[in-house]
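For the protein sequence lines, the chains are A and B, in the order given.
Residue numbers for the first sequence follow numbering that gives the first Met the number 0, so the first one is 0 and each next one is one higher.
Residue numbers for the second sequence follow numbering that gives the first Met the number 0, so the first one is 0 and each next one is one higher.
By construction, the Cβ of each residue, glycine as well, lies at the ideal position given by its N, Cα and C atoms.
As the structure is a computational prediction, the values presented were derived from the model and not from experiment.
Structure first, commentary second.
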Amino acid sequence: MNLRYLIGFVVSVSACSAMPRINLFRPSDRPLMPEPIGSSQLSIGYEGAFHIRAFRDTEEYGMQIDLDRICSHDKKTCLFGLFQNTQNALAALKGTDSDTASGSLAQQFNIDDEARRNGRFRPTGSLHIPLNLLIAQRFYFNHGLTLGFYVPVIHAELKDVVWQAIEQPATSEQILGQDLVKEVERIGGLNLGGWKRTGVGDLVVQVDWMRDFPQCRSLLTHVRTIARLGCIVPTGKRMDEDRLLAFPFGSDGAWGLQFAGGIDLNFGYTLRGGVDVQFEYLFGNTRCRRVKTAPGQTDLLLAQNAPIYREFGLGQQYNIYLESCNFWCNTSLKLNYQLLKQNDDRIDLGSDRIDSRLANSAENLYDWTAHSLIFMVKHDLWKDYECSRVYPSLLGWIKWGFNGKRALLANTVGIQFNVAF
Amino acid sequence: MIPKISLLSVFCIASSLSAHLVQKFPFPLGTHALYRPFGQLYVGAATSVPNNDLAVAVAGRTDTVFRGITPVKVTLNEQPDKPNPLNGAVIDHLALLDRRPVVIPHTLPSSLFLIDDRRNPIAVFQSVPINNALGQTAQSILFLTTTASEVATSLEPGASLAAIAAVPNANGGFDGNGSGIALAAFRQVVQDKQKFFAWDVVDATTGASSFPDVVTAQASIGNKAAPFGKDTPQVFISVPASVLSSAVDLHFDRELGRLYIATQVTAGGAAKAGARAIIVASLANGHVLYQAIAPDAVFDGSNQIVGQLGANSSTSIFKVRTMQTRTYVRYLIVVGGNGNDPALAQKVFALPLVDNIASPTSHGTLANVQASPVTLFGESKPHRFRARVFAVPAQAPQDVFTMSSLPATVGGQATLPGPITDIQIAGEAVFVSCTPSATLNEDQLAPGIFFSQPVFDQLGRISGWTDWQRVADSSHAIAGFAYDALVGIFWKLPENEGTSTEVFRSQWTDGSDELSQFIAPFFNKQNGGVQGLTDFPFTTDGFTTTIAHRISVQSYVGLKKVLLRQTGKQQGLFGPFESFNNVFVSTDGSLNSFSGTASNLVFSGGELDNLGPISSSAVLTDGITGWFVVAGVGGIAILSDAQGIGWDAQSGLGSGFAGLSSQASWKRISKTPFVRKLIVQDGQLFALSQKKLERITISAESLVNGTLSKTVLAELTAAQKKSEASYSDVYLKGPLALLATSFGLLRSGTGADVRVDTQVPWIEVPLKESVGSLTSAGPVTRLFGITTSDPTAHDNIYLLNAYTGLNQALIYRLIITLTNGQTTDSSVLLFPDFLVRDTNSFFTDVGEYRNYVVTDGSLIALSRSSFGSSPPLLQLLSPTLKSGESARMRVPFVILPENAGTIGLLLRNSASGAWTVPGDFGVRVQR
C-alpha cells in the first residue's frame with residue numbers, strides 16, 4: 000500500500016472544518032484548491048496570523064441598545080470590542096430571581112443600577128493563532144469527479160487579558176462595582192483570563208465535479224465549471240462557553256452540508272479569472288450554552304447558561320479572483336477577494352423563564368461578515384507532465400482582512416505544499 | 000504655610016424666589032380656572048379696559064404668553080361678525096364647562112357667556128338674563144360653577160353640560176325671598192325647525208325648559224331659580240335660620256352627581272334651633288332637589304363642622320370641594336367650621352360622604368364615620384375589585400366628626416399663616432393658598448401655598464392628615480392658584496397691594512440658575528455630583544426655637560464633600576432664604592476660623608476623605624448638644640469640637656449657623672462600611688449599612704472619651720452575606736423598625752423596642768405577589784413614609800418592591816399602627832388594595848425598575864438613573880390613579896440632560912416648598 004493511501008486514511012479519520020467567526024482558511028476553501036493532477040493529491044498548508052483585529056457592527060436596531068454611546072463608534076476595534084466596546088459585569092448578574100446569588104448581588108446596585116456605566120469594564124488582551132495547519136487529501140476519478148477529505152489543526156492563544164473598570168469610583172455603587180468582574184467570574188463559572196487551545200477542526204468530506212469547456216475564441220479560450228457537495232462532520236474542538244472568545248475550531252458540534260459551485264475563465268494563455276460560491280448549512284443542535292438574560296448584557300459576560308437549541312444561519316463564502324498563470328518559470332500570481340458571511344443564528348430556550356426575544360438579541364447570534372484580500376503565489380515544482388510520477392507544487396499567500404462585521408479579521412501569511420501522484 | 004481654610008465670598012448673586020413669569024397683565028386679574036386635561040389656565044380681567052382682547056385669556060402648559068379670546072368681533076349666538084360684549088369687560092365670574100369658559104361680565108351681571116375658542120372666528124353664546132326664584136331678572140350672580148368644571152379628562156361629546164349659579168334676591172342676599180340656585184343647560188335646541196346650540200335656562204324647580212317643546216310647540220316658561228334661603232328646610236333645624244350670608248360657594252361633583260352649596264349661617268333664636276352651612280342638591284332632569292347634608296339628629300351642639308345645634312349658633316363654611324381617595328372612598332372638604340371666628344378661614348376639614356346611588360336620599364350626604372366602608376367586587380370570577388364606598392349615612396351625633404376630630408382635620412396640627420384664598424383638591428391632597436394675617440399668623444410664617452395629605456387606616460378610611468407644608472416655591476400672598484397635577488405644575492397669581500396682575504408658572508431649572516452654578520464646582524459630575532440631599536426644617540430638634548433666629552437647612556453630600564445651606568430664615572416672617580455670598584469653605588474638614596455666621600458651609604478634606612462617597616446626613620441632638628452627622632462608604636463622621644460639642648442644643652442652632660463651635664471638625668465615629676441611611680429618633684442615631692442596622696447613642700462626653708454606645712439591631716447572617724443579601728432602607732416609628740432588604744420586608748418583633756432593646760427579633764412581612772422571585776419574598780428597596788405629627792396616629796408607607804435583575808417594580812402601601820405605643824402583630828398591615836377578592840396585594844404595577852418613589856398625595860413620582868441609552872428619568876403617575884388601576888400613564892416631571900447619569904430622591908424644600916432633585920448633574924429645582 001503506498002504512502003498516498005496511508006495519508007488519505009489518516010486524514011479521513013481526523014479531519015474537519017466549519018465557520019468560526021474569523022477569516023482563517025479552511026483546507027477545503029476554493030483558493031487553496033490545487034490543479035487536479037494525477038490520481039490523488041495531498042496538500043499540507045500552514046497559516047499563521049500576525050495581526051488580529053475585531054470589526055464590530057455599528058448599526059443599532061431592534062433590542063440592541065447602544066450601551067456605549069460615550070465610546071468610540073469606530074468599526075475597527077480591539078479584540079474584545081468584537082461585539083461591544085465595553086463589557087457590562089453588572090448586567091451579567093441579571094435575569095435571574097432575586098434569591099439567587101447573582102440576583103442579590105445585582106440588587107446591591109439598587110440606587111443607580113447601571114447608570115454612569117456602573118459595572119462597565121474594558122477588557123484588553125491579544126489573540127494569537129500561530130498555527131492553522133491545513134490538511135487535504137483528494138482522490139481524482141473519471142468524469143471529473145474528486146473525492147476530498149479536509150481537516151485543519153489549530154493552535155490559538157489568548158494572552159495578556161486585563162479587565163479595567165471604566166469609571167473611577169466616585170459613588171458607593173461604583174466602589175462596589177470595581178471588583179464585579181471577579182464576582183461574575185465566580186458566580187457565573189466563567190474564566191475571564193487567557194487560554195491556550197489546540198485541536199483539530201471539523202472533517203469535511205467533499206465530492207467535486209469539474210468539467211472543462213475549451214473555447215474556440217480569440218479572447219476566451221477555456222471555461223471550467225466546478226460543483227462541490229460536502230458533508231461536515233463535527234469533529235472539531237467546540238467553543239469553550241466559559242472562556243473569552245474561545246471560538247470553535249469547527250461548526251461547534253453541528254453536522255452540516257456544503258454546496259458550492261464556481262466557474263473559471265481563461266483568457267488567452269496566461270490570464271484566468273473566476274468566481275466561486277459556497278454555502279454551508281449546519282444542522283441545529285442542543286447543548287449547554289451561555290445565554291443573554293437581561294437587556295444590558297454584553298456578549299463576553301453572559302453568566303447564565305442553559306441547554307439551548309441553536310439553529311445556525313446559512314454560511315456563505317464568495318471568492319472572486321484573477322490569476323496570471325505561469326507568467327514566469329511555472330510561477331503564477333493570483334489576487335483573490337474573499338467574503339465570508341454567516342446569517343443570523345437563532346436559539347430556542349424551551350423555557351418561559353428566559354425571554355426568548357431577549358435571548359435572541361445577543362450580538363453573537365447576529366450575522367457576521369469578513370472581507371479579505373489574498374495575494375497568492377504558486378510555483379509548480381515539476382516540469383514535464385509526461386515524465387513525472389510525482390507533481391509537487393508550492394503555494395504561498397499573504398492575506399489582509401480589511402473589513403467585516405462582528406468578526407475577527409486576521410492578517411495572515413501561509414504556505415501550502417501540494418503533491419500529486 | 001498655605002492656609003487650608005478660608006472664608007470666601009465667591010458668589011454675589013441676588014436671591015430670587017419667583018417662579019417663571021408667564022405674563023404681567025396691564026390690568027388686574029380677577030377670576031381664573033384651569034382646564035385640567037390640557038393644563039390650560041383661563042384668567043379674567045378685574046378692570047375694564049377698552050378693546051381688551053385679554054378680558055378672558057388662556058395659556059397652556061408650555062405657552063410663553065396668554066392668548067386673548069375676547070376679540071372685538073365674534074360670532075355671537077351663531078350670528079357672525081357681531082360686536083363682542085366681552086371685549087374689554089370686567090369678568091365677575093369664570094368657570095369651565097369642560098374646556099370652554101363660561102363667564103359673567105360685570106356689565107351684564109346676570110347673563111351667561113360661553114366662549115368657544117375652538118371655532119374660528121371665536122363663537123360666543125349669550126344666555127338670556129337669569130331670573131331669581133321669583134322669576135325676576137337677577138341683578139347679579141353670587142357664584143358660578145358648572146357640571147363640568149373640574150374634569151380630569153375631556154368629556155365625551157354629548158355629555159350633559161350645565162351652568163349652576165347662585166342667584167341673589169332683590170336685596171343682593173342669599174337668605175331667601177327670591178334667592179336660589181339657577182340652572183342653565185348648554186345644549187342643542189330646535190326652534191323654528193332650526194337646530195342650534197344655546198343656553199337653556201330652566202325652571203330649576205320644575206325642570207321646564209325656556210324653549211318651546213319641539214313636539215307640542217307649547218311655549219315653556221323656564222328660567223327660574225330654585226328657591227334657597229334661610230327658610231329652606233335643608234338649611235335650618237327646627238326654626239328658620241336668622242342669618243344666611245351671601246358669600247356662597249358651589250361645587251358640583253360630577254361623579255357623585257351632587258351639588259354642594261356652602262354658606263355661612265346663623266341659627267334661629269329658639270332653644271332647639273340649629274342650622275347647616277352645607278346643603279346638597281341633585282340636579283336630575285333640570286330639577287334642583289335639595290338634601291340635608293345630615294339629618295337634624297346628627298347635630299347636638301358639639302361642633303359637627305357643617306352644622307350646629309343651638310340658638311343663634313353659627314356655622315361658617317367658606318369653600319367646599321369633594322375628593323376621592325386612592326382607596327376609592329369620597330370625602331367632602333370644607334374650609335370653615337362652627338362659629339364665626341375669622342380664624343375659621345384657616346381651617347379645613349374632611350368629612351366622609353355616602354356614595355350609594357341606590358339610596359338617593361342619602362347619596363352624597365355625610366357618612367357614618369363609625370361604619371366600615373364597603374368594598375365592591377365583580378360578581379363573576381375572578382371577582383375583580385370595583386370600588387370602595389361609604390354606604391351608611393350618619394344618623395346620630397356620634398356618627399360624624401367634630402372640629403376636634405383629628406381624622407377630619409386637614410393640615411394636622413399645624414396652622415396656616417392666614418386666611419385661605421383658594422383651595423384645590425388634586426389626587427388625595429388638599430392644596431390651599433393664603434394671604435398673611437398678623438392676627439392669625441401664630442407661627443410667623445410667610446404666606447404662600449400649602450398642602451396636606453391624608454393617612455389611612457386598614458379599612459381605607461382617612462385616619463389623619465399631615466401637617467401643612469409649603470409647596471410651589473411660594474412665600475408671597477397668593478390671590479389664587481391652579482395646580483396642574485398631571486404634570487406637577489403650579490400656576491400662581493400673587494397678590495400685590497390687593498390686586499393681582501401677574502401669572503407665574505412653576506418651572507424646573509436647567510442648570511444655569513444660581514443654585515446649580517453655586518453647587519457645580521463642589522459637586523461635579525466626574526465625582527458623582529450630589530449623592531445625597533437632606534432637608535432639615537426649622538422644626539428640627541436642635542435648631543433654635545427663638546422665632547427671630549429660626550433656620551432651616553439643606554445638606555448636600557457627595558464624594559468627600561459636605562455642603563450645608565441655610566434655606567430658611569426669619570425675615571419678618573419665616574420663609575425661604577437663598578444666599579450665595581456668604582460662604583465658608585473648609586478644605587481640612589474643620590470650622591477653624593469660622594466667624595460664627597455664614598449662609599453656606601462647604602467642607603472637604605480631613606476625615607471626610609476617609610468617608611469617600613457620602614450619601615446621607617442627619618441632625619442629631621441629645622437635648623444638650625447638637626451635631627451634624629454624615630455617612631458614606633467609609634463610615635460615619637460627626638461635626639464636633641474637642642469637647643464633643645457641635646452646638647449648644649439648648650439655645651439651638653440659629654440663623655447663619657450661629658452657635659456652631661468654631662473649633663469643630665469632622666470626626667469619624669464609625670468605620671462601618673457602606674452606610675446608606677442615617678435616621679435620628681428620640682436623640683439616638685440609627686445607621687443602616689448594607690449589612691447591618693446600628694443604634695448609636697451619642698453624648699459630648701462619649702465623643703471625647705470614645706465610648707459611644709453602639710448596638711447592632713440587625714445584621715445579615717453568614718449565609719445571607721454569602722448569598723450577597725443586603726439592606727437597602729429603614730423606617731422607624733417609635734419602637735418599631737421596618738427593614739427593606741433584598742430578601743423582603745422585615746419588621747421588628749412584637750413587643751420589641753428598637754430604641755432601647757439590645758436584641759431585636761425580626762419578622763418577615765409577607766408581600767403577596769411581589770416581583771423578584773417566584774419562590775421567596777421579592778426585594779424591597781425603598782420605604783417612603785407619610786407621617787402625621789400625632790405620634791399615636793397611623794403612618795402610611797409607600798413601599799417600592801423593585802428588582803434590578805428582572806427590571807420590575809411594584810408599589811405596595813402599608814399602614815403602621817402602634818397600640819399604646821407598642822409594636823403588635825398588627826402593627827404593619829397592607830392597605831386594602833385589591834385586584835381581585837381575597838387577594839390583598841400591591842397598589843400598582845410600575846412596570847420597569849425604579850429607584851425611588853415619592854408621593855405628596857397628588858403626585859406619585861418615580862425615578863430611575865440612566866439606563867441603556869436613556870438619561871435619568873423622573874416620571875409622574877396619573878394624579879387620579881387609584882388602587883388596582885394600571886400605572887401605564889406616565890408623564891415626565893423634569894427633563895434631565897442627555898449626559899446625566901444618576902438621579903437621587905426627589906425632595907421638597909421645607910422652607911420654599913420647591914421640589915428639588917439631586918444627581919450627578921447637580922440639582923434641579925422646580926421654581
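Query raised in the report: Along chain A, in chain order, which residues have C-beta atoms closer than 7 Å to that of residue 919/B?
Result: Under the 7 Å cutoff, chain A gives 115.
Requested in this report: Starting from the C-beta of residue 223/A, find all residues in its chain whose C-beta is less than 6 Å away, skip the five residues before and the five after it, and write them out in chain order.
Outcome: The beta carbon of residue 223/A sits closer than 6 Å to those of 211, 263, all from its chain and outside the five residues before and after it, given in chain order.
Query - Exposure of residue 343/A, with buried meaning 16 or more beta-carbon neighbours within 10 Å - result: By the 10 Å Cβ count, residue 343/A comes out exposed.
Report task. Give me whichever residues DSSP pairs with residue 322/B in a beta bridge. Result -> Per DSSP, 330/B.
Query raised in the report: Rounded to a whole number of angstroms, what is the C-alpha to C-alpha distance between residue 339/A and residue 358/A?
Result: About 25 Å.
Query raised in the report: Over what stretch of residues does the alpha helix (DSSP H) that includes residue 102/A continue unbroken?
Result: Residue 102/A -> alpha helix (DSSP H) spans 100-106.
Query - Beta-carbon proximity of residue 804/B to residue 93/A, cut-off 7 Å - result: If you check the CB distance, residue 804/B and residue 93/A come in under 7 Å.
Query raised in the report: Under a three-way DSSP split, which group does residue 279/A fall into?
Result: Looking at residue 279/A - three-state DSSP - the assignment turns out to be strand.
Query raised in the report: Hey, out of 80/B, 925/B, 50/B, 29/B, whose CA is closest to residue 510/B's CA?
Result: Shortest Cα-Cα distance from residue 510/B to any of 80/B, 925/B, 50/B, 29/B involves 925/B.
**Report entry** For residue 397/A, the nearest candidate out of 419/A, 406/A, 336/A, 250/A (CA to CA)
**Finding:** Of 419/A, 406/A, 336/A, 250/A, the residue nearest in Cα terms is 336/A.
Query raised in the report: In this structure, does DSSP put residue 803/B in helix, strand or coil?
Result: Three-state DSSP puts residue 803/B in a helix.
Requested in this report: Residues of the segment 714-727 of chain B with a CB closer than 7 Å to any CB of chain A: list them in chain order, please.
Outcome: Against chain A - using a Cβ distance shorter than 7 Å - the residues of the segment 714-727 of chain B are 722, 723, 724, 725, 727.
Query raised in the report: Helix, strand or coil: which one does DSSP assign to residue 376/B?
Result: Strand, per DSSP.
Requested in this report: Could you tell me whether the segment 505-524 of chain B touches the segment 433-448 of chain B, where touching means 3 or more Cβ pairs closer than 8 Å?
Outcome: Cβ pair count under 8 Å is below three, so no.
Report task. Count the other CB atoms, across all protein chains shown, that sit within 10 Å of the CB of residue 409/A; report buried if there are 16 or more and exposed otherwise. Result -> Burial call: buried.
**Report entry** Where residue 894/B falls, given that 16 or more other Cβ within 10 Å makes a residue buried
**Finding:** Exposed.
Report task. List the endpoints of the continuous beta strand (DSSP E) containing residue 176/A. Result -> Taken as a continuous stretch (DSSP letters only), residue 176/A belongs to no beta strand (DSSP E), being part of the alpha helix (DSSP H) at 171-176.
Query - Exposure label - residue 791/B; buried when at least 16 CB within 10 Å - result: Counting the other Cβ atoms within 10 Å of the Cβ of residue 791/B gives fewer than 16, which makes it exposed.
**Report entry** Euclidean distance between Cα positions of residue 100/A and residue 108/A
**Finding:** Each residue's CA atom was taken as its position, placing residue 100/A and residue 108/A some 13 Å apart.
Report task. For residue 403/B, name the three-state secondary structure that DSSP assigns. Result -> Note: residue 403/B maps to coil in three-state DSSP.
**Report entry** Inside the segment 525-596 of chain B only - beta strand (DSSP E) runs reaching at least 3 residues
**Finding:** Counting only unbroken stretches of 3 or more residues, the beta strand (DSSP E) elements lying wholly within the segment 525-596 of chain B are 531-535, 550-557, 560-570, 572-575, 582-585, in sequence order.
Report task. Apply the 10 Å Cβ neighbour rule to residue 829/B and answer buried if 16 or more other Cβ atoms are within range, or exposed otherwise. Result -> So residue 829/B ends up on the buried side.
Query raised in the report: From residue 840/B to residue 66/B, what distance separates their C-alpha atoms?
Result: For residue 840/B and residue 66/B, the distance between alpha carbons rounds to 48 Å.
Query - Proximal residues, the segment 525-550 of chain B versus chain A, C-beta separation under 8 Å - result: Against chain A - using a Cβ distance shorter than 8 Å - the residues of the segment 525-550 of chain B are 525, 526, 527, 530.
Report task. For residue 793/B, name the three-state secondary structure that DSSP assigns. Result -> Assigned with DSSP and collapsed to three states, residue 793/B falls in coil, not helix or strand.
Query raised in the report: Between the Cα of residue 124/B and the Cα atoms of 545/B, 402/B, 73/B, 739/B, which residue gives the shortest distance?
Result: Nearest to residue 124/B by alpha-carbon distance, out of 545/B, 402/B, 73/B, 739/B, is 73/B.
Requested in this report: In the DSSP assignment, find the unbroken beta strand (DSSP E) run with residue 181/A in it and report its ends.
Outcome: First-last for residue 181/A: 179-187, but that is the alpha helix (DSSP H), not the beta strand (DSSP E).
**Report entry** Under the three-state DSSP convention, the category residue 520/B falls into
**Finding:** Under the three-state reduction of DSSP, residue 520/B is assigned to coil, being neither helix nor strand.
Query raised in the report: When you compare only the Cα positions, how much space is there between residue 854/B and residue 95/B?
Result: Near 28 Å, if we compare the C-alpha coordinates of residue 95/B and residue 854/B.
Report task. Please check if any C-beta of chain A sits within less than 7 Å of the C-beta of residue 604/B. Result -> No, no contact with chain A.
Query raised in the report: Listed from N- to C-terminal order along the chain, which residues in the segment 285-310 of chain A have their beta-carbon within a distance smaller than 8 Å of any beta-carbon of chain B?
Result: Listed by position along the chain: 293, 294, 295.
**Report entry** 7 Å Cβ cutoff, residue 436/B in contact with chain A
**Finding:** Chain A contact via Cβ: absent.
Query - Chain-ordered residues of the segment 100-124 of chain B with a beta carbon less than 7 Å from chain A - result: Residues of the segment 100-124 of chain B that bring their beta carbon within less than 7 Å of a beta carbon in chain A are absent altogether.
Requested in this report: Following the continuous alpha helix (DSSP H) through residue 476/B, name the residue where it begins and the one where it ends.
Outcome: Looking at the DSSP string, residue 476/B is not in any alpha helix (DSSP H), and its letter there is neither H nor E.
Report task. Just the C-alpha distance for residue 329/A and residue 380/A, rounded to the nearest angstrom, thanks. Result -> When rounded, the separation of the alpha-carbon atoms in residue 329/A and residue 380/A is 8 Å.
Query raised in the report: Is there at least one Cβ from chain A nearer than 7 Å to residue 802/B's Cβ?
Result: It does: the Cβ of residue 802/B has a partner Cβ on chain A nearer than 7 Å.
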